[in-house]
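Beneath this line is the structure, given in structure tokens, with notes to follow.
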Amino acid sequence: MLRSRLFYICSIILALAFLHYETNLLYIWFNWSAVDALRAIRGSLSDPLGRLDNWNRGDPCVGNWSRVICYNVTASDGYFHVWQLELLRLNLSRTLAPELGQLSRMKIMDFMWNSIGGSIPKEVGNITSLELLLLNGNQLTGPLPEEIGFLPNLNRIQIDQNHISGSIPKSFANLNKTEHFHMNNNSLSGQIPPELSRLPSLVHLLLDNNNLSGYLPPELSQLPKLLIVLNE
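Following the working numbering, the numbering of the sequence shown begins with 84 at its first residue and continues without gaps.
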């Protein structure tokens, strides 16, 4: 009987030690604040199909959390980081969490073709590595955050087929690497900023089916790579 009890106690101690070891590994390989950010992102969404149910255990990278794609090497800070959130066509709803801005090394943020409402968090402007911002085909409302205009690596912004209102921020004239502006089928209003004519990489500027007023800035004709402008 005594041996059985000792074996039971030792088993518990070993299990606790292993759990402590696993927790320490999580701190070593993945930034704990990013884990909290991902859980906050999951918590702000409704996921009726349960596609993100495994976002509550282990390491997002090593544990292969659904639709979370990580860099395959650690960064200079010694951690793995999120490279892409691939959350398109999952029947998600509710809102986008401001904690998205904590994934500062993410390159692709893809929430296309869901039913997500609310506004685009201004904290997205903190994701300085972001190259693709893909939010089209949702129910987003409110204005475009000025902060998006200061993303130095943004190549594509797709916010078409939402309910976004307000004017186009003049800060978007700072997006020197952006090739594609897809902002059609919203409720944008006001004048198209002539400052957009400073964008050297712009190829597509899609603004049709909004509530824009005024004229099409003639300065846009000076853009060297511009192929398509839609503003009906």
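Glycine included, C-beta positions come from ideal geometry on N, C-alpha and C.
Check whether the region 287-295 and the region 265-273 touch, using three or more Cβ-Cβ pairs below 8 Å as the test. yes
Do three or more CB pairs link the region 204-213 to the region 226-245 at distances below 8 Å? Touching, yes.
Check whether the region 239-253 touches the region 213-223, taking contact to mean three or more Cβ pairs, one atom from each stretch, closer than 8 Å. As far as the Cβ criterion goes, the region 239-253 touches the region 213-223, which means the pair count is three or higher.
Neighbourhood of S254 by C-beta distance below 8 Å, restricted to the same chain and skipping five residues each side: Walking along the sequence shown from the start, residue 254 turns up at place 171. Here the set comprises E229, E230, I231, G232, F233.
Helix, strand or coil for D130 per DSSP? For the purposes of this step, residue 130 is taken as residue 47 along the sequence shown, with counting starting at 1. Here D130 sits in coil by DSSP.
Buried or exposed for T106, please, with buried defined as at least 16 other CB atoms from any protein chain shown within 10 angstroms of its CB. Start at 1 with the first residue of the sequence shown, and residue 106 comes out as number 23. Residue placement at T106 cannot be trusted, given a pLDDT of 40 that sits under 50; what the coordinates show is reported in the next sentence. For T106, the number of other beta carbons within 10 angstroms of its own is below 16, and it is reported as exposed.
Coil, strand or helix - N68 by DSSP: With the chain covering 84 to 315 only, the question about residue 68 has no answer from this structure.
Nearest by alpha-carbon distance to D130: which of W115, G146, L173 is it? Within the sequence shown, numbered from 1, the residue matching residue 130 stands at position 47. Nearest of W115, G146, L173 to D130, Cα basis: L173.
Among S284, A256, N114, whose alpha-carbon lies nearest the alpha-carbon of D160? Indexing the sequence shown from 1 puts residue 160 at position 77. Selected option, being the one with the closest Cα: N114.
State the DSSP-derived secondary structure class of E302, mapped to helix, strand or coil. On the sequence shown, residue 302 is found 219 positions in, with the first residue counted as 1. In this structure, E302 counts as helix in the three-state DSSP scheme.
Determine, using beta carbons only, whether F194 and L170 come nearer to each other than 7 Å. Numbered from 1 along the sequence shown, position 111 holds the residue referred to as residue 194. Numbered from 1 along the sequence shown, position 87 holds the residue referred to as residue 170. Contact: yes.
When the Cβ atoms of the region 114-128 are set against those of the region 176-189, are three or more pairs found closer than 8 Å? yes
Where W115 sits in the DSSP three-state scheme: Position 32 of the sequence shown, counting from 1, holds the residue named residue 115. In this structure, DSSP gives W115 a helical state, which the three-state scheme calls helix.
Counting along the chain, where does the beta strand (DSSP E) carrying V156 start and finish? By 1-based counting over the sequence shown, the position of residue 156 is 73. From DSSP, V156 is part of no beta strand (DSSP E); its letter is neither H nor E.
Pick out whichever of A158, L310, I191 has its Cα sitting closest to the Cα of R150. Translated into the one-based positions of the sequence shown, residue 150 becomes position 67. R150 has its Cα closest to that of I191, out of A158, L310, I191.
Beta-bridge partners of Q241, as assigned by DSSP: By 1-based counting over the sequence shown, the position of residue 241 is 158. Paired residue(s): L217, H265.
Considering only C-alpha positions, which residue in the set W166, L306, I124, L121 is nearest to S212? The residue labelled residue 212 in the question sits at position 129 within the sequence shown. The option with the nearest alpha carbon to S212 is W166.
Of the residues L299, L258, V286, which one's Cα is nearest the Cα of P277? Stepping through the sequence shown from its first residue, residue 277 is reached at position 194. The shortest Cα separation from P277 among L299, L258, V286 belongs to L299.
Continuous beta strand (DSSP E) stretch holding D193: start and end: Taking the sequence shown and counting its residues from 1, one reaches residue 193 at position 110. Here the beta strand (DSSP E) through D193 covers 191-193.
Nearest to P307 by CA position, among T224, S280, L290, G141, is which residue? Position 224 of the sequence shown, counting from 1, holds the residue named residue 307. Of the listed residues, the one whose Cα sits closest to P307 is S280.
In three-state DSSP terms, what is N257? By one-based count along the sequence shown, residue 257 stands at place 174. In this structure, N257 counts as helix in the three-state DSSP scheme.
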